[in-house]
Amino acid sequence: MSKVDQKSTLTDSLQPPRAVTTNKRGLARQQKLLEVAQKHFFANGYAGANVNEIVREAGGSLNTLYRHFGNKLGLFEAVMQNKANQLFSPFSHTDFWQADMKNNLLEFGRAVQNVALSPDGLAIHRLVSSENNLEQGEIQELFYTLGPKTAITILGDYLQDLQAHGRIQMNDCYLAAAQFLDMIKGPFFYPALFGQMPDEAAMEIALQQAVELFLNGCARR
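Numbering (the UniProt record's numbering), first residue to last: 1 to 221.
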């Protein structure tokens, strides 16, 4: 994918969740719906989440939910958008990337590890992998666009900028970004998915080693 395509994806991904009102009461109601919906989606899956139960727990009415989010898929999209904003918004600003490359990779890598390998992150993956309904394709596309693809885009943009300024050398900055993210998650992802959660020390060792390998691999020769 070209840099232009990648950047448009990032711009599209980091948007506020859908909203139809800006008054404090309305925004508070939307946030409550998102919090309750997230709990139900992650615990029960998309198909297993019941919008009537979500509304009962959050308060309000089905009309309120549909007015804010359109339908069940729109509610799920808003939940995913909210999670993406929480994770990626700090890294979408150029101020974050002013430190040296090693520290930038460490900070970004820790953030991705802490989300992807968290109970919520694993629950999202199980949800997306196990869905088998008419909306399956849309659910999977939402997850990939707002999650892995956005992470690759943010890091790839940073690497592309470094390369443009002659600081690193690589053939494909976005492929390199994906490879780095695989290095820091790969040793732990499937064990965690099957219930063997990694400890923070092991994750940090893997991250430090991945950063050293990455820096050596992209050094100008």
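No residue lacks a Cβ here, since even glycine has one placed at the ideal position from N, Cα and C.
Quick caveat: nothing in here was measured; it's all calculated off a predicted structure.
Going by beta carbons, L75 and F69 fall inside the 8 Å limit. For the set R220, A202, I124, the Cα lying nearest the Cα of N171 is the one of R220. Judged by DSSP secondary structure, G48 falls within the alpha helix (DSSP H) whose first and last residues are 24-48.
The criterion of a C-beta distance shorter than 8 Å is not satisfied by L105 and A151.
Cα atoms of L155 and H165: separation of roughly 16 Å, rounded to the nearest angstrom. If you ignore the 5 residues before and after E77, its C-beta comes within less than 6 Å of the C-beta of L142, all in its own chain and listed in chain order. Three or more Cβ pairs closer than 8 Å define a contact, and the stretch 37-45 meets that threshold against the stretch 119-133.
Here the C-alpha atom of L73 lies approximately 11 Å from the C-alpha atom of M80. Residue burial annotation: K24 is exposed, with fewer than 16 other C-beta atoms found within 10 angstroms of its C-beta. In the three-state scheme derived from DSSP, where H, G and I count as helix and E and B as strand, A177 is classed as helix.
Classified as buried, L87 has 16 or more neighbouring CB atoms from the shown chains inside 10 Å of its CB. Secondary structure remark: continuous alpha helix (DSSP H) runs of at least 4 residues inside the stretch 116-200, in chain order: 119-130, 136-146, 148-164, 173-193.
Note that the C-beta distance between A192 and L146 is not below 8 Å. The continuous alpha helix (DSSP H) containing G74 extends over residues 72-88. Remark: C-beta atoms of A210 and G121 do not approach each other more closely than 8 Å.
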